[in-house]
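In the working numbering, the protein residues as written are 1315 to 1690.
We treat Cβ as the ideally placed atom computed from N, Cα and C, and that holds for glycine.
The structure appears right after this line, and notes come after that.
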Ligand SMILES: Cc1ncc(COP(=O)(O)O)c(C=O)c1O
């Protein structure tokens, strides 16, 4: 079976994990965590804090912006559960808007209509590693005094206006889950682009204490300062991540090579109008990281049927998000703003194809697609 995804390995992981085990400290905020922080800060030009997941980084964003019950947070419905769950944990109400048909990202032209006096945050999601129109989003947010926390879980290695994708919004978050371009098993980072949050972020991260100050020798003891949690990963996780971070550019290049191969090889199917391909650079001023290659089936074809056909041929593919606005919890905790036709259509018809560094089976996958459309 061709798997849908294979975790990337640089080859340096075991050596660094061994060093982490031998250094006599495996709990968080040690040497490897500091190395990752230094690397990420240099890359994003902002303070970064490793977390045990992107979910945790989003939860930190909700705490940092001091969300309270009744506050509203605007986000796409076509996203992962954590984008919403992190804010619902604070009692806030997610307000779901539709996505653009080209990028599958939050439609910035729908924002103004979704904003109310209760709106406190906007959460743009960089789906498939493609940045949102951040120029437009930041302009609206600034004019209404709203925080922007970007869910860039899939976008490590992407660029917008020549800057790494995590550099946008007041806060931004990445995932290092093993399905992502760069991984540490589970893992993530919060990127603090607005330095106003720097000091509190460090406190929330270390269980609501000023322990980081204590470790730097700035205070003689540490104590409980405000509400936080344990957001930091262990040194083992940080060591795996440190073995991978420097490879982010190489991995994006390799994945984009395979992405381009898929794009060229599926053109004839688009010409037959049986599917549309993922668009090449649909967002101005951006470069994607080859995180994902998807096709969108024409409405006359059944996506589940194709999924099972590929499975029979030994090829694992994957649909994606069940829209949050129609999920059980989404209906209970959130509300929609306007209709969401693109979200509904895409969640029914999109299929992701296998892609990882070193993947050589594009011709086999495309030939299976061709057979399916001949038979259906
Ligand atoms: C858009 C988006 N946000 C958040 C997450 C959650 O990331 P993590 O598994 O690191 O918590 C994911 C995971 O795939 C995601 O795709």
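Query	Result
Our contact map puts residue 1319 next to residue 1493 with C-beta atoms below 8 Å; I'd like the distance itself, whole angstroms only.	5 Å
Going by the DSSP bridge assignment, what does residue 1361 pair with across the sheet?	1506
Report the start-end ranges of each alpha helix (DSSP H) in the segment 1546-1630 that is 4 residues or longer and not cut off at the edges.	1549-1558, 1562-1579, 1581-1585, 1617-1626
Candidates 1326, 1322, 1321: which alpha carbon is nearest residue 1553's?	1326
State buried or exposed for residue 1468, treating a residue as buried only when at least 16 other CB atoms are found within 10 Å of its CB.	buried
Let's see if you can read the secondary structure: which residues bound the beta strand (DSSP E) around residue 1436?	1433-1436
Can you tell which of 1506, 1535, 1541, 1509 has its C-alpha closest to the C-alpha of residue 1522?	1541
Give a yes or no on whether the C-beta atoms belonging to residue 1655 and residue 1391 are separated by under 8 Å.	no
Please confirm whether any heavy atom of ligand 2 lies closer than 7 Å to the CB of residue 1673.	Ligand 2 is absent from the structure shown, which contains only ligand 1.
Rounding to the nearest angstrom, what Cα-Cα distance links residue 1641 and residue 1549 in this structure?	36 Å
Below 8 Å on the Cβ atoms is my contact criterion, and I expect residue 1599 with residue 1484 to pass it. Report the Cβ-Cβ distance as a whole number of Å.	Incorrect: roughly 20 Å between the Cβ atoms, too far for contact.
Check the C-beta distance from residue 1671 over to residue 1525 and give it rounded, since I have them as a contact under 8 Å.	In fact, because the Cβ distance is near 38 Å, the residues do not count as touching under 8 Å.
Run through the DSSP bridge pairs and tell me what residue 1465 is partnered with.	1439, 1487
So, helix, strand or coil for residue 1538, using DSSP?	strand
Hey, residue 1608 and residue 1518: beta-carbon distance below 8 Å or not?	no
Is it right to say residue 1560 is buried, meaning 16 or more other beta carbons lie within 10 angstroms of its own, or is it exposed?	exposed
Can you have a look at residue 1383 and say buried or exposed, based on whether 16 or more other CB atoms are within 10 angstroms of its CB?	exposed
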